[in-house]
Amino acid sequence: MKVVLRNPRREVEVAGNRRVKDVLRELDILPETVLVIRGDALVTADQIVRDDETIELRPVMSGGRE
Amino acid sequence: MKCRKCGDVAVLELRRHNAAFCAPDFLEFFRNQVREAVRKHRMFGRDERVLVAVSGGKDSLALWDVLLGEGYQTTGLYLDLGIFDYSVESRAKCEAFAAARGAPLLVVPVAEAVGAPVPVIQAVTRRPPCSGCGLSKRYLMNRAALEHGMPVVATGHNLDDEAATLFGSVMHWQTDALPRQSPALPSTHPKLVRRVKPLYRLSERETAAYAFLRGIDYIVEECPFAEGATSIAHKEILNRMEDASPGAKHNFLFGFLDKARAAFERAEAVALNECARCGQVTTGTVCAFCKLADQVKRAT
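Going down the list, the protein sequences come from chains P and R. Under our numbering, the first residue of the first sequence carries the number 4, and numbering increases by one thereafter. Under our numbering, the first residue of the second sequence carries the number 1285, and numbering increases by one thereafter.
Written out as structure tokens, the structure reads:
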């Protein structure tokens, strides 16, 4: 499956037919820090993503330094 | 995973609430959290005009969207920081958002007010870029609200922002900063408007989900100056704690607000004066903003 990452935008290929939470663990991404988007919908961590599908992991963090 | 309310397929799990929601029920949960924040802290009423500070990011546009939906009298304020393509794109997002909803938007270029855009301010002051930027934003938000007769400024600060700020203050025991950290700061001078944070009960992930589900076109790219920012490092630490113990961020912030904040409030009020130059409120003779503008003027 294809995983789209942001900031900077890039794509990585990981094994599919797995739950979202297993993909996040493999990429060392905390579930609290991203939205998981498949097509035009959000998906929860227990959903299975097929090998021929694409998901976007959109970061939700913003901040500054003072 | 099923929606807690209707049993339909969930789109978002909120571990700290031990719940998951479908899209319509999540949007209602989100609006209820904003309603509760506004009610609990008496942030503003329906008869008041609210200046909503928007950056083009998910938080501020989500906030404006909710307040418009609730029927409040809002005007957006976009401060153009002059940070290269980032500012061009974020301004376009705000203008498109406002135009699509027929909502009024004020645009104030920081470069006009200070004399130079944020990247130049940073180079001149040799302070972290967010320092001069934050100072300018707070000043210009207050000034814009006063000029347009609005008694309150609402910002899109969320639970993660507030928890990270609290974490930073506690790590350095900045006891003067602790009492100022609040979802609602009252006006303590005729020239200081109320400042409120109606999203403080909602996490960053929740505001992002709201913006996504509402189809809000927001800027996903980060401010180029935010890379390596202290608040982001603090957020990462807090998110690791949240992962191990859902609700950690909420308990940290709400425990402070409910139990600890009052202990840091000073008995004597800080004396407030009007700046000899611009007339805005300051604790000294000339305000920090005018000093910054002077520094920029001398160097450019």
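In this text, a Cβ means the ideal position worked out from N, Cα and C, and glycines have one as well. Keep in mind it's a predicted model, so treat the numbers as computed, not measured.
| Query | Result |
| --- | --- |
| Residues sharing a beta bridge with L1296(R), DSSP | F1305(R) |
| Collapsed DSSP secondary structure at K5(P) in the structure displayed | strand |
| Whole-angstrom distance between L1450(R) and Q1458(R), CA atom to CA atom | 9 Å |
| Exposed unless 16 or more other CB atoms sit within 10 angstroms - verdict on N1523(R) | buried |
| Supposed close pair V1477(R), V1437(R) - CB separation, criterion 8 Å | 6 Å |
| Bridge partners - I51(P), DSSP secondary structure assignment | R22(P) |
| Enclosing alpha helix (DSSP H) for V1372(R) [first to last residue] | F1368 to R1385 |
| Endpoints, alpha helix (DSSP H) assigned at E1520(R) | T1514 to A1528 |
| contact_flag[the stretch 1482-1492 of chain R, the stretch 1568-1582 of chain R] where n(CB pairs < 8 Å) is 3 or more | no |
| Range of the contiguous beta strand (DSSP E) that encloses T57(P) | T57 to P62 |
| Interface partners of D1527(R) on chain P, CB under 8 Å | L33, P34 and E35 |
| First through last residue of the beta strand (DSSP E) which encompasses E14(P) | R13 to E16 |
| Exposure of I1367(R), with buried meaning 16 or more beta-carbon neighbours within 10 Å | buried |
| Beta carbon proximity, T57(P) to chain R, threshold 8 Å | no |
| Chain P within 8 Å of L1443(R), Cβ atoms only | no |
| Below-8 Å beta-carbon distance, V1372(R) vs any chain P residue | no |
| Distance, P1482(R) Cα to D1349(R) Cα | 12 Å |
| Chain R residues whose Cβ lies nearer than 8 Å to that of D25(P) | Those within 8 Å of D25(P) in chain R number zero; the least Cβ separation is about 15 Å. |
| Inter-stretch contact (C-beta, 8 Å, three-pair minimum) for the stretch 1336-1344 of chain R and the stretch 1488-1505 of chain R | yes |
| Short CB-CB distance (under 8 Å) between R1479(R) and chain P | no |
| Listed by chain order, chain P residues near A1493(R) by CB distance under 9 Å | L38, L45 and V63 |
| Residue from V37(P), V46(P) and D54(P) whose Cα sits closest to the Cα of N20(P) | D54(P) |
| Per-residue contacts from N1426(R) into chain P (C-beta, under 8 Å) | Within 8 Å Cβ-Cβ: nothing; N1426(R) doesn't reach chain P, min ~17 Å. |
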